[in-house]
Amino acid sequence: MHVTLSQARYLITMYHMRDRERSMSKIASSLGVSKPSVTNMINLFIEKGMVKKGSNFVPTLTVQGKKTTEKILQKHAVLKGYFLRELAIPEEQAGEDALIFLFDLSEKSVGNFIKKIEMETARNRIDAVKDHTCISSFKGILEDGIYVVEFTVFRKKDGGISMGNKGFLHPAKLVVVQGSGVLSLSAIPVAHKALLGDVLRGRLARFFYWNGENYTEVEEQDGAYAFPVMDMKWSYDQEKHLDYGTIEIKVQANVGILNMPESAANLTVYFNK
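Under my numbering, the residues of the sequence shown are numbered 304 to 576, in order.
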């Protein structure tokens, strides 16, 4: 769905606000606009199916609204990271410049620029491990390029779907360079209802991938955890007629003020031919 720069500012502001904070006056204060302007924009979002009125008439992003905002944030994070690292622009200015860049240029130009950044970043990550015996090969499966891939996170102990599966934006992004791949997972906040009824917000705090010999921690960069695909176990689903690969990972999440214990899981990635 087409979104303007002005609309994107509203969506991003609302996305980062907790429900109890998302009043018309607080949205107006955060954006430096009038309350009538907020009301008009919210009504427009409601017409587009991106916002609904929740309890106490608090505006809430719909599933469509969240997905649209998350796609904007993914692209924005890549551009902001590039401006910070390569152009040494101060963080606040880099964030503003990245948002303007995202909406002032054509979609094709922005897409090509982001692709160039992601391919170069993936190439650097692969070069760092290219001599490792456990690096997985996509030769004969995928040509070099950027792919959107579905995935599921399963608990390692019993094979059930992990709670952590909801802590990532779906689908993931896979960049293949010279037959090797870098998988990129974007972490998103997750609401968890405690036994006493309190709603706690959790988010991934630490991420580790199995390199064939040990778990290696990867830091979040440009809004995502990107790591070289190593020691992938390949399989074929006869019923769905698709290849899938499984990678061992380990994650730790923060829920409220609590640091949850590290949890091992199997990340299964599906490849449509």
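Yeah, the Cβ is synthetic: ideal placement off N, Cα and C, and Gly gets one too.
Q) In three-state DSSP terms, what is L472? A) coil
Q) Grouping DSSP H, G and I as helix and E and B as strand, with all else coil, what is F406? A) helix
(Q) Rounding to the nearest angstrom, what Cα-Cα distance links S326 and S489 in this structure? (A) 28 angstroms
Q | Whole-angstrom C-beta distance between D447 and V485, which should lie under 8 angstroms | A | About 12 angstroms; that fails the 8 angstroms criterion.
Q) Based on the DSSP output, what are the partners of M422 in its beta bridges? A) According to DSSP, which records beta bridges pairwise, M422 is partnered with nothing at all.
**Q.** Through-space distance from E453 to S409, alpha-carbon basis
**A.** 27 angstroms
Q.
Taking the straight line between their C-alpha atoms, what separation do you get for A425 and C437?
A. 17 angstroms
**Q.** Bounding residues of the beta strand (DSSP E) (the contiguous stretch that carries S483)
**A.** S483 to L488
Q: Indicate whether the contact test is met: 3 or more Cβ pairs, each with one atom in the region 335-351 and one in the region 373-383, closer than 8 angstroms.
A: no
(Q) Counting C-beta neighbours from all protein chains within 10 Å, is the total for A403 16 or more, i.e. buried, or is it exposed? (A) Checking the sequence, you will find Ile at residue 403 rather than Ala. Exposed: under 16 other Cβ atoms inside 10 Å.
Q.
For a minimum of 3 consecutive residues, which ranges assigned as the beta strand (DSSP E) are wholly contained in the region 311-369?
A. 354-356 and 362-364
Q. Between R506 and G470, is the Cβ-Cβ spacing less than 8 angstroms?
A. yes
Q. Can you pull the DSSP bridge partners for L390?
A. According to DSSP, L390 bridges with nothing at all.
Q. In this structure, does DSSP put T445 in helix, strand or coil?
A. The question names Thr, but residue 445 is Leu in the sequence shown. The answer is coil: DSSP assigns L445 none of H, G, I, E or B.
Q: Can you grab the Cα-Cα spacing for the pair V361 / F441, in whole Å?
A: 48 angstroms
Q.
Can you tell me whether K433 is helix, strand or coil according to DSSP?
A. coil
Q: Have a look at the DSSP bridge pairing and note the partners of T519.
A: Y512
Q: Take the Cβ of G335 as the centre, count every other Cβ of all protein chains shown within 10 Å, and call the residue buried at 16 or more, exposed below.
A: exposed
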